[in-house]
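Sequence positions in the sequence shown follow numbering that gives the first Met the number 0 and run 0 to 298. Notes to accompany the following structure.
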Amino acid sequence: MSMNLSFIRYFLTVAETASFTTAADRCHVTQPTLSAGIARLEQEIGARLFDRGRRAALTAAGHRLLPHARAMVEAWQLARAESRSTHRARLLRVAIASTLPVPAALDWLASAQQQAGFEAEVSEGTAATVADRWRRGRCDAALFPARGPLDAPNAVALWREPYVLAAAAEHRVATRDRWSLKELADTVFVLRAACEAQDDALRLFAAEGVRPRAVLSSPDEERCAAAVAAGLGVSLMPRSLLRPGLVTAEIREVALDRRVFLAWRADADNELVQTLRDTALAHPWPGQRSGNARLAFAR
C-alpha cells in the first residue's frame, strides 16, 4: 500500500483537533481538499477512520492507525534532518522592510529556519528599497508592505491592514473615535519618515488646508512609537505597529491601508519556498488582530 504523506498529516491533524474545519485551516488547504484526502486514506485502509458528528471522533480503525501514522511522519522528518545534516546549510538572504513589526518578522524567520535548516543573512531598508532588492534578485526572500496588490507569481499576501491615528491614552485624541483633519490642525504629530503612505497622507492633509506640525520626524519606528507613547504627539501608523499604551482613532478624510507581502526569487528552491510560505501564513502577525484596536491597546 502506498500512502500520500499529506493524507497522513491530514489524518493526524483531524485526530488532534477533532474538527475537519480546524484541521483544514492548520494544513492550509480547503475543507473539501482535506475531506477528499481523508476519504482516499480510508479507501486505502479499507475502513472508516472518523465518526463524523459534531466532533470528528476516531473509530477503532482510526485508533489503530494513529501510532503508525505518527511513526511515519517522525521517520520522514528524521530522514530529512539526516539528509540535510550531510550538506552545508543553505544561505538565505532575507530583506525585511523597516516599517514592519520587526520582532514578529524575526520570530517568523526563526521558525522557518528551524524547520528548513538554512543559514540566514538579514538586511533591512524602506519598503521601496526592499521591494527593489527583491525585483533585482539581490535577495532570496523579502518581507515588505505595498499600498496595493502585487501581481507576481512569486509573492503571497500575508495580511492587509489600515493606517490608524495612534495616540497615548492620556492624549486628547484618545477621547474620541473619529476626527476630521480640520479638528487636528493644531495637533502635534510624530512623522514616520520611512512610511510608505506618508506622501499620500500629506496630500490628503494639504487638500484640507492642514499642514501638520512635527515634534519629531524619524525613520526609526521604535523612536517614533516611543514618542507617541510618551504623549509628545500623535502619529499615523499601520495597525501592526501599535503597542500597549496606545489607543487609536480614525481620520474621516484619510482612509489608507497597506498589504504585507512575502516574496521570493523566481528560481528559489521549491521546498524552501514552501516552508517560507507555510510558516509565514501560519504566523500570528500583529496586523491580523481582529476587533476594536482601541479595546486591544487601551491598557
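Think of the CB as a built atom: it goes at the ideal place given N, C-alpha and C, for glycine as much as any other residue.
Reference residue i, options the options, closest by Cα
i           : options               : result
residue 59  : 47, 9, 69 and 143     : 47
residue 272 : 49, 155 and 41        : 155
residue 188 : 42, 228, 140 and 63   : 228
residue 117 : 91, 100, 107 and 135  : 91
residue 280 : 79, 248, 251 and 26   : 26
residue 119 : 20, 68 and 89         : 89
residue 194 : 257, 183, 250 and 184 : 257
residue 270 : 100, 79, 130 and 182  : 79
residue 62  : 13, 32 and 53         : 13
residue 8   : 31, 65, 45 and 43     : 65
residue 245 : 191, 225 and 177      : 225
residue 251 : 204, 43 and 34        : 204
residue 135 : 71, 3 and 266         : 266
residue 147 : 212, 196 and 3        : 196
DSSP beta-bridge partners of residue i
i           : result
residue 247 : 165
residue 236 : 163
residue 190 : 216
residue 144 : 259
residue 177 : 249
residue 49  : 57
residue 91  : 119
residue 158 : 259
residue 96  : 124
Simplified DSSP assignment, three categories, for residue i
i           : result
residue 124 : strand
residue 11  : helix
residue 54  : coil
residue 210 : coil
residue 4   : helix
residue 272 : helix
residue 231 : coil
residue 195 : coil
residue 291 : Here the model assigns residue 291 a pLDDT of 37, short of 50, so the residue's position is not dependable, and the following value carries that caveat. DSSP places residue 291 in coil when its eight states are reduced to three.
residue 183 : helix
residue 16  : helix
residue 67  : helix
residue 266 : coil
residue 129 : helix
residue 298 : Low per-residue confidence applies at residue 298: pLDDT is 26, beneath 50, and the placement is therefore not dependable, though the value from the model is reported in the following sentence. Three-state DSSP puts residue 298 in coil, outside helix and strand.
residue 201 : helix
residue 29  : coil
residue 62  : helix
residue 36  : helix
residue 108 : helix
residue 284 : coil
residue 150 : coil
residue 135 : coil
Residue i and residue j closer than 7 Å at C-beta
i           : j           : result
residue 160 : residue 180 : no
residue 144 : residue 253 : no
residue 6   : residue 51  : no
residue 262 : residue 141 : yes
residue 284 : residue 74  : no
residue 139 : residue 222 : no
residue 110 : residue 278 : yes
residue 29  : residue 22  : no
residue 235 : residue 214 : no
residue 19  : residue 55  : yes
residue 100 : residue 162 : no
residue 282 : residue 107 : yes
residue 121 : residue 93  : yes
residue 184 : residue 216 : no
residue 158 : residue 248 : no
Proximity test, residue i beta-carbon vs the ligand GTP heavy atom, cut-off 6 Å
i           : result
residue 102 : The ligand GTP is not among the ligands present in this structure, which contains no ligands whatsoever.
Chain C contact for residue i (CB, 7 Å cutoff)
i           : result
residue 188 : The displayed structure is made up of one protein chain only, and chain C is not part of it.
Stretch-stretch touch, CB-based, cutoff 8 Å, three pairs: the stretch 239-246 with the stretch 198-218: Contact fails: fewer than three Cβ-Cβ distances are below 8 Å.
Does the stretch 163-179 come within contact of the stretch 124-132, defined as at least 3 CB pairs closer than 8 Å? Below 8 Å, too few C-beta pairs join the stretch 163-179 and the stretch 124-132 to call them touching: fewer than three.
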